[in-house]
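Visitor:
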Amino acid sequence: MEPDGSTNYSSVNDPWPPLHFSEFDNTYPVQGNSELDGDSKSVFPGDHDKRCWVCFACEEDDVIASWVKPCRCKGTTKWVHQTCLQRWIDEKQKFNSLAEVSCPQCKTKYIIEFPKMGSMVLFVHFFDNLIHKACPYIASFLIIGSIYSSAVTYGAMTVMQVCGHNEGLTLMEKADPLSLLVGLPAIPVGLITVRVIKWEDIVLKFLRKNTCRIPFLRYLLPCFVFPEEYLSRSNDVASESPPVRELCGALLLPSIATLVGKALFDDVKHNFYRTALGGFLFLTVKGAIKIYHKQTLFLMRCGRRIKDYEEDADGSETGSNCSTRADSVSNIVAHVL
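In full-length UniProt numbering, the protein residues as written are 1 to 337.
1. For G46, which residues of its own chain have a beta-carbon under 6 Å away from its beta-carbon, when the five flanking residues on both sides are left out?
2. Below 7 Å CB to CB, which residues in the same chain sit around R304 once its five sequence neighbours on both sides are set aside?
3. So, is H132 buried or exposed, given that buried needs 16 or more other C-beta atoms within 10 angstroms?
4. Give me, in chain order, the residues of the same chain whose beta-carbon lies closer than 7 Å to that of L277; leave out the 5 immediate sequence neighbours on both sides.
5. If V54 sits next to C84, beta carbons under 8 Å apart, how far is it from one beta carbon to the other, in whole angstroms?
6. Let me confirm a value: P215 is counted as buried when at least 16 other C-beta atoms fall within 10 Å, else exposed. Which label applies?
7. Would you tell me roughly how many angstroms separate the C-alpha atoms of C58 and A134, rounded to the nearest one?
8. I'd like the span of the alpha helix (DSSP H) that includes P188, first residue to last.
9. Report yes if the CB atom of I256 is closer than 9 Å to the CB atom of E200, and no otherwise.
10. What residue range is occupied by the uninterrupted alpha helix (DSSP H) comprising F224?
11. If we call anything under 9 Å between Cβ atoms a contact, is V80 one with K69?
12. Just to check my reading of the structure: P185 and A139 have Cβ atoms closer than 8 Å, yes? What is that Cβ distance to the nearest angstrom?
13. Exposed or buried, which one is T153 when buried takes at least 16 other CB atoms within 10 Å?
14. Could you check the C-alpha separation between residue 353 and T108 for me, to the nearest Å?
15. Quick check: the Cα distance between S66 and L142, rounded to an integer number of angstroms?
16. Could you check if E35 is buried or exposed, using at least 16 other CB atoms within 10 Å of its CB as the buried criterion?
17. Suppose contacts are defined by Cβ-Cβ distances below 9 Å. Is L191 in contact with L281 by that definition?
18. Out of curiosity, what's the CA-to-CA distance linking V182 and P188?
19. Which one of K294, V162, A156, S179 has the shortest CA to CA distance from K205?
20. Which one or two residues does DSSP pair with S102 in a beta bridge?
21. What's the call for G145, buried or exposed, on a 16-neighbour Cβ count within 10 Å?
22. Less than 9 Å separating the beta-carbons of Q105 and T77?
23. When we look at the beta-carbon of C71 and count the other beta-carbons within 10 Å, is it buried (16 or more) or exposed?
24. Using only CA atoms, which one of G279, N96, F298 lies nearest to Q161?
25. Given this structure, state the Cα-to-Cα distance separating G241 from P136, to the nearest angstrom.
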C-alpha cells in the first residue's frame, strides 16, 4: 500500500498489470465522445463515406464533384458522381434518350429529369419517334410488295412462254383482273411446292420393298435386288438439297420444258401441249436417273467393308491393300456408269 492508500503493482510481483481504458481510446470508440467519434470514421465506414462505384474515387479525391444517390442501395455503393452516372447512362441508352435505365445492383429505375423544351422541339421529337417506330412496318411492306410484283411478273412471263407470246397476251387480256392478281403470283408458288414434293423418294421406297417380290421387276431392275439386311443397315432414302438449288430448279422448269418441247415435239402445233409434253418427259427422265443414282450409292454404302490394316517391315502398305483400294475405285466407277 502507498501512503495515499493506492495499491502499488510492481512488475516483479505481478507480470500482468491492469490496463486503463485510456490506452484503447484510439481503437474502440466510446459513444458520446466527439474526439473518438471522429476517429471511428476510419475504423467503421458508414453510409456517410462517399465512394463512386463507377470511377471508385472518394470524396477527398475531388471535393468539388457533384454526388447523387439515385437508388435504394445502402452503404458506400449508393453514392456516385453525377458526371460518371451520366456517362454510364449514355452507354446504356445507346443514343435513345428515352430508354429506361436501372441500377445494376438493386434494379431500381433511375429517375431522369430533362429540361423543359419548346413546342417545336417536342413536335419534331414526337414525329421522329413516330417515323422510327413505323420504319420496320414500312420496310416489311416494301419487301412483301417487291416479292409480290416479282411473282406477278414471273407468272406473266411464264404464261407467255408456255402458251406462246400472242396467245398468252390474249389470254391475260380476256381474264378477270382479280383472277390475274391472284393467279399470276400463284404460278411460282405452285412450281416451288411441286419441287418440294420428292416423288422420286416415294418411287424408290416402293421399288426397294417390292422388286424382289415381283418377278418381272426383278429381271427388269436388277440393281434393286439385294439382301434384306441392307434395309436394316441403311434406310435413308430422302436427300436434302440446298434451298437455292430447289428454288432455281423450280423457277427454271417452264423454260426447260419449253426447250425440250420444241426440240422433241415440234410437230405438236399447240404451244401449251408441246410445253407440257416437254416438261413431263424432262421430269420423268430426270427422276429415273436420280433414282438409279441413289440406288447405286445405297448399294455401295451397304456393301462396304472395313479391311484389316497390314504393314510391311519397311513401314509401307502391302500390295493387297493397294490392290483392294484400286478394285474398290474401279467398282465404284463401274456402278456409276
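Note that the Cβ used here is the ideal one computed from N, Cα and C, for glycine as well.
Guide: The short version:
1. Reliability fails at G46, whose pLDDT of 48 lies under 50, so the model's placement of it is uncertain and no value is given.
2. none
3. exposed
4. G261, F265, V268
5. 4 Å
6. exposed
7. 47 Å
8. 177-196
9. no
10. That residue, F224, is in no alpha helix (DSSP H); it is neither H nor E in DSSP.
11. yes
12. P185 to A139, Cβ: 20 Å. No contact.
13. exposed
14. Any answer about residue 353 is impossible in this case: the structure gives the chain only from 1 up to 337.
15. 50 Å
16. With a pLDDT of only 41 at E35, under the threshold of 50, the placement of this residue in the model should not be trusted; the figure read from the coordinates follows. Exposed, by the Cβ-count rule.
17. no
18. 12 Å
19. K294
20. K109
21. exposed
22. yes
23. buried
24. G279
25. In the sequence as presented, Gly is not what sits at residue 241; that position holds Ser. Each residue's alpha carbon lies about 32 Å from the other.
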